[in-house]
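Asks:
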Amino acid sequence: MENMQTISPDLEFIRNIKKAGGQDVKKCYQCATCAAVCSISPAQQPFPRKEMLLAGWGQKDELFKDPDIWLCHQCNDCTIYCPRGAKPGDVLAAVRFNVFENFAFPSFMGRALANPKALPLLILAPMIIIAALIWGATRGDFSFLNEKIVYSKLLPHIWIEAFFIPGSILTALLALAGLLRFWKGLETPSLWTPHPRPLPQGERGFREVLDGAVATVKDLLTHGSLRDCGTNKPRAWAHLLVFFGFIGAAATAGLAVLAMRLFHLDPPIPLAHPIKWLGNASAVLGIAGIFNPGLKAGRHSCSRLHNLLLPHRHRLFSFVLCPLFQVCPHVLPDPGSC
Amino acid sequence: MAEIKINDSINSDVLVVGGGIAGMTAAIEIAETGRRAVLLEQKASLGGQVATFHQYFPKLCPPACGMEINLKRIRVNPLITVLTLSQVKKISGSPGAYEAEIVLNPRFVNEKCTACGDCEKACEIERNNDFNYGLDKTKAVYLPHLMAYPLRYVIDPKFAADERMKKCLAACKYGAIELDMKPRNIRVKADAVVWAAGWKPYDAAKLDQLGFGKYPNVITNVIMERFASLSGPTAGKITRPSDAKEIKKIGFVQCAGSRDDKHLAYCSTVCCTASMKQAAYIRERYPQAEIHIFYIDARSPGRLEDFYAKLQKDSKVFFHRGKVGKITENPQNKNPIVAAENTLTGERRALELDMAVLATGMVPNTLDEPPPLNTALDDFGFIAPGASQGIIGAGTAVRPMDVSASVQNATAAAAVRPMDVSASVQNATAAAMKALALVSRPRQPADNAGVSLLKSDKTPEAVAV
Amino acid sequence: METKIGSYICQGCDIANSLDIDKLAKIAVEEGKAAFCKSHQALCSREGGDLIRSDIEKEKINRAAIAACSQRVFPELFDFGKDVLTDRIAIREQAAWTHEPKNEDGQMLAEDYIRMSLAKLQNSEPAVPYAAQTSKDILVIGAGIAGLTAAQAAAKAGYKVALVEKQDRLGGWAAKFRKVFPKHPPYRDPEDSGLNDLVKAVETNPNITIYKSSAAAKISGQPGKFEVTLDKAGQNVKLDIGSIILACGWKPYEADKLGHLGFGLSPDVITNAAMEEMALKGDIKRPSDGKPPESVVFIQCAGSRDENHLPYCSAVCCRVSLKQALYVRGRNPQAKVYIIYKDIRSPAQYERFYAQVQEDEGIFLTKGEIARVAKESDGRIKVEVKETLLGHDISLKADLVVLAAGMVAATKVEPEKTDSSEAKTPVEESKGPDAALDGKKAASCAEPGARILNLSYRQGTDLPTLKYGFPDSHFICFPYETRRTAIYAAGGVRAPMDLASAATDGQGAALKAIQAVEAIARGAAVHPRSGDLSWPEFFMQRCTSCKRCTEECPFGALDEDAKGTPLPNPLRCRRCATCMGSCPERIVSFKNYNVNMISKMIKSMHIPDEFEEKPRILAFVCENDALASIDMAGFKRLKYNAMVRIIPLRCLGSLNTVWISDALASGVDGVLLIGCKKDEDYQCHFVRGSELASYRLGNVKEKLKQLSLEDERIGMHELAITDFHKIPGIFDDFLKVIVKVGPNPYKGM
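Chains as they are written, first to last, in this note's numbering: chain A, 272 to 609; chain B, 7 to 471; chain C, 15 to 763.
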């Protein structure tokens, strides 16, 4: 028995999976309908059947090293056709959630994010920071309020950039640290593919990685494989719109800063300015994506739609709020700020 | 339709509803203990589902062999009254004193019919043959099947009023055809009611990802039984419906509908062994054919394990432990392509076949027509054991089960309620003696075991003489 | 009473269009010696029936030869009571419908059928029921769930029941179960077996007499008149019994044969029966150190589905292990329970129970094959499993291993265990083809039963068993079919089954037992010839004690006296007449079915001489299946040659070889035997009719050689009831063989 592995299920991990939305994981009786109907999973060692068994048997390390859980687009074809109602789609989402929690750096942040009781604290933290910045900039003198409203008086750009640029670099580094911890996990061989397929050396290896990268980017931009999923075909469009909405929003923010620093285009940028147009267009894309009528025309009645989207409420929350913040300053009657 | 006067009533010890293997067994077994039994069947002939089967597992023996003996036991026993084309309208009362109101739908052929077939030769109208799931046609006047009981023709009510039926009327030399027969109501009094309404196959079209109804070469197990049967639409030849070509590669899709919360949440018990049997049909006709069986748990309990073990020794039979998730079709040759992961090797294959057979499950008929007196059903529609009002379930009305279990269950059903009727055994046996004494006088319907179902000229359904 | 035959010829259904009715009538009266011959447009009509009944009244005929349709069609219309013997001549199915109309050979065929029918009626009498004073009491052996339910059902029907139990208390296995897997909706949680109420009901039922710590010491006699001697803790109790229900249950497969699964390695490797016993006592503990187990491994199919142990599946162990897993989890929420299975077999609504058990987060199921079971240094047990669903081999550390051992019939006799006095290996091993071939061996080594019934039957003390030692029925449509009349097996002894099926089985067996006592009381046969009033009579003076009949009777109806002459027990008889077929001295006969009757039928045939180019073939056909398919060939209007004369037999086993020599002696050119499938999946309703016929055919062919007759003149076929399409081929190909072989040299002698 060359790869005889002594197995001892981690009951705690199973409970975590159930808490994170995979509450029906144990209903699976290993019929593999999910692996057969999934249009994305590969022919060799297809997912999510083996993941359901590993989750049901509490094989935490095995799952954390399993790259397949990241290929899943959460289209839920498998959940629709699962004869036992084990909802493989949600179980995989729950496993991914546990991976975040486990590999997040610093680990207290990971645990906090996973624990709903910590939500008020998580919301309070940024508010305190912003308040401190405002206090730092205005020293408590809010007399400018009765004059012409100019943002920079409340929170000058320099303060924003001074805090948020290093802040985002720090976030990126922390994310990288978590990713590296995850990547190291992948090194140790998983029992599924005891000897991971070695990458060919030299030029052919690089070409293979490049081709892989190009194909991935192309698929990301067109959401090709998400459209293959039968059940949630309309969701592919919605996701695409939101995806480009965000990219547009990020580009707008970046261009605005450049415009201000390089071309001395002081805010507020006139409505007719292309950067403003880019910002508004992205907001429209984002909102259209969220309330895409296609979602309703999808195969579900509203009630089933609700329980499908439930685990993703925090994402929805952020999608709706940030475009609102962008749009409302232009729309609200403003005595003359721009 | 004029109000039919209830003018006839039958006194009986047991009323058995359903003329399949379970209902027949219950009626015969009770009658052979000297008690009277009335057996109701909705269709034009006894036999139920087993009459449509080609062979039984595990012996691969013909159902007609058991039917032959049971029909002989019915014919020679005056205590059994068979009423076909009959439906229960209402049952009232309680154990020991039930009263059933039954409507006898017109057969349009009376007891003078000798099954000589002249009317069929003269008939010009064709109808879909539901016995073969509509895969072929019969004339408007037809014999239900070769082992039909009563051995008598029947006219499809849709065509009874058609002018062209006059030709069949003329062709009959025995005055057996009566196109103006009307439904008649009768009443049956009995001390016990056995409900053996049986099952029908699950509607495979509801399995949208398996393509039944879309792809011609995807059939169901019950249709395969008709293909294999000599009296089936293809007279025993099993070929592809799309181009009638031979079978080189066939796949059996287990749990098509069963063990599925969105369809039938229970296991229909017989589909595994039925598919193994049908694999034997294929092997008999195509010695070199490749046979694939996709299963989750191969369920051949008890002695049936021999049947599974024998099949595993066949080098061209491949068992894949993994359910077929979806079936697509290769448009060029209309070959069904089944997608399933073999969960032991972790390899998902898309296998192109000549034909795919969906092992669809059993749906109890108690779902569409619930038994009377609000008999308790379980949440799948089967009669719950120890039913409250004394209506006794028998056969697949209680559980999905195979033929010998149905017969065992029906024999037991006959032994439960009617036995502890208030009438003591002496008088019941005496009644039996009186009834059996009738053996010496032919069963003219005049005075048969209290049957006062007089043979008026318009009797659609005399005692099944 | 002087025989007076009325003969009737029907003109309907194309009979008149294809046959000359008047010529047939002339044959019936002149050659057949019928009192008269009337023809009618449709004998099956009311007028047709009235015609015959008035003749019975006025003309005082006591025989009716009815040349119309087959005996299988409307038998109730042509049944004129016990005093009038009726014979149906199938000139519709076997002449008019299957031959060219108005054709000379077809006409001669019909004429022969008339001659044969009248010869038959001249040489047979109506059956007279065997009158006997019989008991209707029922003996139930074994007071488990099946026996208790059977006793209760029979008693509630008003029959006196004697319930015999080996142990000192009632309940059998069900009494040893703490809980049982759910038999009622919603089929989710284990429930009580309901045994106590059943035991209370049985103990208070006035119709049931209970004999605890008792066994059947000896059962002799025959159904309706069984003389039963019970050994009740030493003293004998005599009972008069009508029918018997054997419900002595099952025993677990011997655990010490499961060494390959680790039994014996450590006290912590136990069987499912031991696990249930532990649960019943109160606490699930490790036998070695009494601590509650943290991890338990259930190994399914321990012995079952295994060529070297029990090749069959014991049907309930999956559901038992699922239930027992809940016991472990119930006591210790941290415990981990593994179930290693080949297939989880939870049929019908029990699937919901499987789904319910799965939901327990501490239960882990996977398909897998046990590679090795080894004891670790720390006393725990390592179970290595390969071919799992996890995609790789796994090894589990178990505090407790439960082997889901299989079920064996209580009547199973282990080969080496039989004491030397009966040192015969059970016939099961020697039941191969040679055992039946030379006849003698099959009966002489009658199966050494488990001595539970202790029948003083010539053919063994217990019920004959099938392949795996279960006294089960060989038939799908007749699960209660038994080879010992009025002795029915029920519950775990008949086949591995759960408590609900065992209870159902008990009820079914009760009905069959009641049916048997009622039928036997009026001298009628039970299934498959239900209601048949005839029974075999032996002309003992000419018996040469060759023991053929006592050995070949499929139902053990014939015992032997010291000299070896048969002692018939008519109430055990199923009327298949195998004894009549086996007797070289032809001393066995039934009033309405005997050797002489058929000999006379053969001799009544008109045999044209060899110059007329009209060979004659005689076909002996089993009336249960082959005759039905011949009828269906008629319905389908399949045509075949008119040289074949068909004589239906109750079973091919009743074929006496004298008929073949009579046929050949009277000039018949060829004889065909058409019976049912034999050997492992046999179809014969009387177990081995066609097997015995083919064996006897071997002897006949030797005699043919002595008479320098070609043995191709005799042919035999096995025909299923649905093989009607093969009939023309069988008859026409055989005719070709006969034409090739040439006319019978003894023709016209």
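Where a beta carbon is used, it is the ideal one built from N, C-alpha and C, also for glycine. These numbers come from a predicted model, not from an experiment.
(1) Is the distance from the Cβ of residue 308(B) to the Cβ of residue 509(C) below 9 Å?
(2) Name the chain A residues whose beta carbon is nearer than 9 Å to that of residue 818(C)?
(3) Note down, in chain order, all residues in the region 288-302 of chain B with a beta-carbon under 7 Å from any beta-carbon belonging to chain A.
(4) Using a Cβ-Cβ cut-off of 9 Å, state whether residue 44(B) counts as contacting chain C.
(5) For residue 201(B) and residue 400(B), which I take to be in contact (beta-carbon distance under 8 Å), what is that distance rounded to the nearest angstrom?
(6) In angstroms, rounded to a whole number, what distance separates the CA positions of residue 623(C) and residue 630(C)?
(7) Quick check on residue 463(C): does DSSP put it in helix, strand or coil?
(8) Which complete beta strand (DSSP E) runs does the region 141-203 of chain B hold, if anything under 3 residues is left out?
(9) Spell out the partners DSSP gives residue 87(B) in its beta bridges.
(10) Determine the contact status of residue 384(B) and residue 429(C), defining contact as a CB-CB distance below 9 Å.
(11) Over what stretch of residues does the beta strand (DSSP E) that includes residue 205(B) continue unbroken?
(12) Given this structure, state the Cα-to-Cα distance separating residue 245(C) from residue 155(C), to the nearest angstrom.
(13) Run through chain A and tell me which residues come within less than 7 Å of residue 376(C), C-beta to C-beta.
(14) Select from the region 331-347 of chain A all residues with a C-beta closer than 7 Å to any C-beta belonging to chain B, and list them in chain order.
(15) Buried or exposed: which applies to residue 635(C), given that a residue is buried once 16 or more other Cβ atoms fall within 10 Å of its Cβ?
(16) What does DSSP give as the partner residue(s) for residue 232(C) in the beta ladder?
(17) Using the Cα positions of residue 224(B) and residue 64(B), report the straight-line distance between them to the nearest angstrom.
(18) For residue 158(C), does the three-state DSSP call read helix, strand or coil?
(19) Which of the three DSSP states is assigned to residue 344(A) in this structure?
(20) Please confirm if residue 335(B) has its CB atom under 9 Å from at least one CB of chain C.
(21) Tell me the residue span of the alpha helix (DSSP H) that contains residue 348(B).
(22) Can at least three beta-carbon pairs, one atom from the region 135-149 of chain C and one from the region 493-503 of chain C, be found at a separation below 8 Å?
(23) Could you pull the start and end residues of the alpha helix (DSSP H) that residue 127(C) belongs to?
(24) Quick one: residues in its chain with C-beta nearer than 7 Å to the C-beta of residue 492(C), no 5 flanking neighbours on either side, listed in chain order?
(25) Quick one: what's residue 515(C) bridged to in DSSP?
(26) Put residue 237(B) into one of helix, strand or coil per three-state DSSP.
(27) Quick check: is the beta carbon of residue 278(A) nearer than 9 Å to any beta carbon in chain C?
(28) Could you tell me whether the Cβ of residue 275(A) comes closer than 9 Å to any Cβ of chain B?
(29) Decide if the region 348-360 of chain B is in contact with the region 375-384 of chain B; the criterion is three or more beta carbon pairs, one per stretch, under 8 Å apart.
(30) Kindly indicate if chain A contains any beta-carbon less than 9 Å away from that of residue 330(B).
(31) Do you know how far the Cα of residue 105(C) is from the Cα of residue 92(C)?
(32) By Cβ distance below 8 Å, which residues in the same chain neighbour residue 443(C) in space, the five residues on each side in sequence not counted?
(33) Are any of the Cβ atoms in chain C nearer than 9 Å to that of residue 327(A)?
(34) In this structure, does DSSP put residue 430(B) in helix, strand or coil?
(35) Verify the CB distance criterion: does residue 392(C) have a CB-CB separation below 9 Å to chain B?
(36) Counting only beta-carbon atoms, is residue 299(A) nearer than 9 Å to chain C?
Replies: On the basis of the supplied data:
(1) yes
(2) One cannot answer for residue 818(C) here, as it falls past the ends of chain C, which runs 15 to 763.
(3) Those would be 302, in chain order.
(4) no
(5) A Cβ-Cβ distance of about 7 Å is found for the pair residue 201(B) and residue 400(B), placing them in contact under the 8 Å criterion.
(6) 10 Å
(7) In the structure shown, residue 463(C) sits in coil (DSSP, three-state: anything other than H, G, I, E or B).
(8) 143-145, 190-196, 198-201
(9) 44(B)
(10) no
(11) 205-207
(12) 12 Å
(13) 282
(14) none
(15) buried
(16) 243(C)
(17) 25 Å
(18) coil
(19) coil
(20) Closer than 9 Å: no.
(21) Careful: residue 348(B) lies outside any alpha helix (DSSP H), inside the beta strand (DSSP E) at 341-348.
(22) no
(23) 118-136
(24) 541
(25) Bridge partners of residue 515(C) according to DSSP: none are assigned.
(26) coil
(27) yes
(28) With 9 Å as the cut-off, residue 275(A) does not count as an interface residue toward chain B.
(29) no
(30) Closer than 9 Å: yes.
(31) Taking the straight line joining both Cα atoms gives about 16 Å.
(32) Confidence at residue 443(C) is low in this model, with a pLDDT of 35, below 50, so the placement of that residue should be treated as unreliable; the coordinate-derived value is given next. The residues are 429.
(33) Yes, because at least one Cβ of chain C sits closer than 9 Å to the Cβ of residue 327(A).
(34) Unreliable positioning characterises residue 430(B) in this predicted model, as indicated by a pLDDT of 33, which lies under 50. A coordinate reading is not provided.
(35) no
(36) It does; some Cβ of chain C falls within 9 Å.
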